[in-house]
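The sequence shown begins at 157 in our numbering and counts up one residue at a time. C-beta: ideal position from N, C-alpha, C; glycine also. This structure is a prediction, so every number in the text was calculated from the model and none was measured. Read the structure below first, then the notes.
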Amino acid sequence: EATVNQVKNMLLKMDNIHIDDEQFQEALMEYRNTPRSSGASPNEMIFGHNIRTRLPIHHSNFMITWVQHADFVDKQIKLEDKVASHYNATAHDLTPLKVDMEVWIQNPKSKLWDRSGKIVSVGKYRDYRVKLRSGRTLWRNRRFLRQRLLEETESMEETSIHFPISCDMKPSSLRRSERLANNVKKVRFQDYYD
């Protein structure tokens, strides 16, 4: 994103705002010759030296200096190690789940742990196949699954409602409030046609 903003700023400073324009191409060449925070420009990272532009530069600047390039690579590796150690300071691996474990599933939109299921199979890359109570199966990554504790499982089974199924049950009729029934104005069609 930072690069996109820099290119947009470059375009705003130009007279003719077209990427096919020669002025933009020259500005892009200068941008690629500009050193970054690591001390080397993108051209030095790829080619080992800067490329020629319209700015006058001594010819020794275009020589490939592999010693400096090797130093740059070492500096880049140190920087990557520093970033990795900073990330790994708080990162940890999640414990793998096993088949037949009861798990909670995180909803990707609301971020709530609102569905539960049982692990049916384990995939290759930390993904699990989970069977919901409805019988539907889903593939989910480990980070979207959380093991259900034994107490949670027992409390869910105790609070689940079991409806008896019988053939002679009739659906109850809708019950209306008496207060609303008293306020209803009766409309008669004869009044309109007379």
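So residue i and residue j are supposed to be a Cβ contact under 8 Å. How far apart are they, rounded?
i: residue 188; j: residue 199; result: 5 Å
i: residue 272; j: residue 261; result: 7 Å
i: residue 231; j: residue 195; result: 7 Å
i: residue 209; j: residue 185; result: 5 Å
i: residue 297; j: residue 283; result: 5 Å
i: residue 206; j: residue 216; result: That pair is no contact at about 11 Å.
What residue from the options has the CA that sits closest to residue i's CA?
i: residue 268; options: 300, 170, 235 and 190; result: 300
i: residue 107; options: 286, 186 and 203; result: Since the displayed the chain opens at 157 and closes at 350, residue 107 lies outside it and no answer follows.
i: residue 279; options: 266, 252 and 166; result: 252
i: residue 211; options: 174, 226, 168 and 190; result: 190
i: residue 351; options: 215, 246 and 295; result: This structure does not reach residue 351, given that the chain is present from 157 up to 350, and the question cannot be answered.
i: residue 167; options: 288, 158 and 179; result: 179
i: residue 281; options: 249, 206 and 243; result: 249
i: residue 192; options: 242, 158 and 241; result: 158
Going by the CB atoms, is the gap between residue j and residue i shorter than 8 Å?
i: residue 302; j: residue 255; result: no
i: residue 293; j: residue 304; result: no
Would you list the one or two residues that DSSP bridges to residue i?
i: residue 301; result: 261
i: residue 286; result: 275 and 294
query = Can you give, in chain order, each stretch of the alpha helix (DSSP H) that sits fully within the stretch 219-246 and has at least 4 residues?
reply = 222-244
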